[in-house]
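Reviewing the structure listed below.
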Amino acid sequence: MNNNEYTVKTSSARMTEIKIVAALGLLTLLFIIYMLMKDVEGCEWLSLFLGVFTLPIIWLFYYVYKVKDDTIRVDQKGITLDVHSDAIIPKRHQASYQWSELSSYSIDVRWEANIRCYGIELYGADESLLREIKLQSLMGDEIWELERYLVKHLLPKPLYDFNQNGKVTFPAKRSKTYFVLCGVFFLITVAFIPWFVVEGFFVGEDSVYAYILLGFFFLLGLFILYAGVVSQRDSLTIDSEGIEVDVHSKELCKHTKQKVGYDSFEYFQVDSSVDEYQLILKDKDHKEILSCNCSNLCYANYLEMVLKVLLTE
Numbered sequence: 009m010n011n012n013e014y015t016v017k018t019s020s021a022r023m024t025e026i027k028i029v030a031a032l033g034l035l036t037l038l039f040i041i042y043m044l045m046k047d048v049e050g051c052e053w054l055s056l057f058l059g060v061f062t063l064p065i066i067w068l069f070y071y072v073y074k075v076k077d078d079t080i081r082v083d084q085k086g087i088t089l090d091v092h093s094d095a096i097i098p099k100r101h102q103a104s105y106q107w108s109e110l111s112s113y114s115i116d117v118r119w120e121a122n123i124r125c126y127g128i129e130l131y132g133a134d135e136s137l138l139r140e141i142k143l144q145s146l147m148g149d150e151i152w153e154l155e156r157y158l159v160k161h162l163l164p165k166p167l168y169d170f171n172q173n174g175k176v177t178f179p180a181k182r183s184k185t186y187f188v189l190c191g192v193f194f195l196i197t198v199a200f201i202p203w204f205v206v207e208g209f210f211v212g213e214d215s216v217y218a219y220i221l222l223g224f225f226f227l228l229g230l231f232i233l234y235a236g237v238v239s240q241r242d243s244l245t246i247d248s249e250g251i252e253v254d255v256h257s258k259e260l261c262k263h264t265k266q267k268v269g270y271d272s273f274e275y276f277q278v279d280s281s282v283d284e285y286q287l288i289l290k291d292k293d294h295k296e297i298l299s300c301n302c303s304n305l306c307y308a309n310y311l312e313m314v315l316k317v318l319l320t321e
């Protein structure tokens with residue numbers, strides 16, 4: 009393979025881990041079912057119930073089989089995709105593009121069940137989004153190496169936007185997590201009410217504790233809903249005048265809205281840990297003038313790259 013060619017494949021190490029875990033889990037479950045059927049009378053329903061748990065284990069084998077040959081290949085001509093999405097039933101994406109058909113790209117990272125997962129976006133020559141794929145979780149960390157080859161032919165989306173428009177905006181990520189959590193706490197609140205009524209917790213001296221508990225879950229759900237709504241409006245904009253941030257922190261949803269001109273700061277740093285990104289601006293005396301969490305923003309992994317390019321020109 010020459011310096012202009014690179015292929016990312018499904019991680020064989022991750023596949024092996026899943027196969028071992030699934031095989032051990034299946035064997036253990038089948039052994040328990042066998043011992044119950046053999047030594048305990050009247051446990052047919054219990055065995056049937058345990059048997060249901062073989063389905064997700066079988067699904068793991070199916071998942072590995074489906075995605076084992078996934079590849080992303082780049083060469084002098086273009087990029088070829090033959091990959092699956094991260095859906096429960098993985099959807100296959102096959103496409104091939106010449107470099108002349110593309111304008112920009114982005115690669116992002118997310119965490120799902122403590123597993124680092126990746127996504128890729130490809131934009132056409134007319135700047136329209138051609139492909140947006142949340143890649144299946146067994147694609148390895150070699151995807152970061154892929155970027156070294158992509159930048160030889162394409163600009164990352166934020167840099168492309170700035171070159172074209174003299175301005176780039178990092179918008180908020182689309183996420184349903186806040187709204188799902190909000191729904192969970194509202195359901196818990198509603199579910200507790202009939203149980204409290206039956207048990208008589210709304211009567212007597214101790215009824216105040218029941219109201220406090222219900223109020224806590226309701227207010228927590230309300231706060232999560234508020235955090236979800238306002239965080240969807242987060243953004244960071246870089247233009248010819250400076251950097252404007254309008255973001256909320258993860259801690260109590262603290263709001264930071266500020267515009268900092270280029271002549272107002274001398275140093276910058278982007279502290280990153282996994283998918284956490286913290287932007288810090290300092291003046292010539294190394295005094296901090298801005299600090300904000302940018303983890304909720306699209307393309308946050310390119311923030312440091314964009315600032316280095318712009319501020320060193």
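Residue numbering for the sequence shown follows this note's numbering, starting at 9 and increasing by one per position. A virtual CB, placed ideally from N, CA and C, is assigned to each residue, including glycine.
- Looking at the DSSP output, Thr36 shares a beta bridge with no other residue.
- When secondary structure is reduced to three states using DSSP, Asp169 falls in the helix class.
- In the three-state DSSP reduction, Thr62 falls in the helix class (H, G or I).
- The straight-line gap separating the alpha-carbon atoms of Leu138 and Arg118 is approximately 21 Å.
- About 25 Å separates the CB atoms of Tyr307 and Pro98; that is not less than 8 Å, and the two are not in contact.
- Per the DSSP secondary-structure output, Pro164 pairs in a beta bridge with Tyr113.
- Annotated three-state conformation of Arg118 is strand, per DSSP.
- When secondary structure is reduced to three states using DSSP, Val159 falls in the coil class, being assigned neither helix nor strand.
- In terms of Cβ geometry, Gly148 and Ser19 form a close pair [threshold 8 Å].
- Under DSSP, Ile80 forms a beta bridge with Val16 and Leu89.
- The beta-bridge partner set that DSSP reports for Cys190 is empty.
- Apart from the 5 residues on each side of it in sequence, Ile128 sits with its Cβ closer than 6 Å to the Cβ of Ile115 and Ile141 in its chain, given in chain order.
- DSSP assignment within the region 204-273 yields the following whole alpha helix (DSSP H) runs of 4 residues or more, N-terminal first: 215-239.
- By the Cβ criterion, the region 29-41 is not in contact with the region 89-109, since fewer than three pairs of Cβ atoms, one from each stretch, lie closer than 8 Å.
- Around the beta carbon of Ile201, a 10 Å sphere encloses fewer than 16 other beta carbons of the protein chains shown; the residue is thus reported as exposed.
- Linking Phe231 to Val238 through their CA atoms gives a straight-line distance of about 11 Å.
- The Cβ atoms of Leu233 and Cys190 lie closer than 8 Å to each other.
- In the DSSP annotation of this structure, Lys316 is not part of any beta strand (DSSP E); the continuous alpha helix (DSSP H) holding it starts and ends at Leu311 to Leu319.
- By the Cβ criterion, the region 171-180 is not in contact with the region 149-156, since fewer than three pairs of Cβ atoms, one from each stretch, lie closer than 8 Å.
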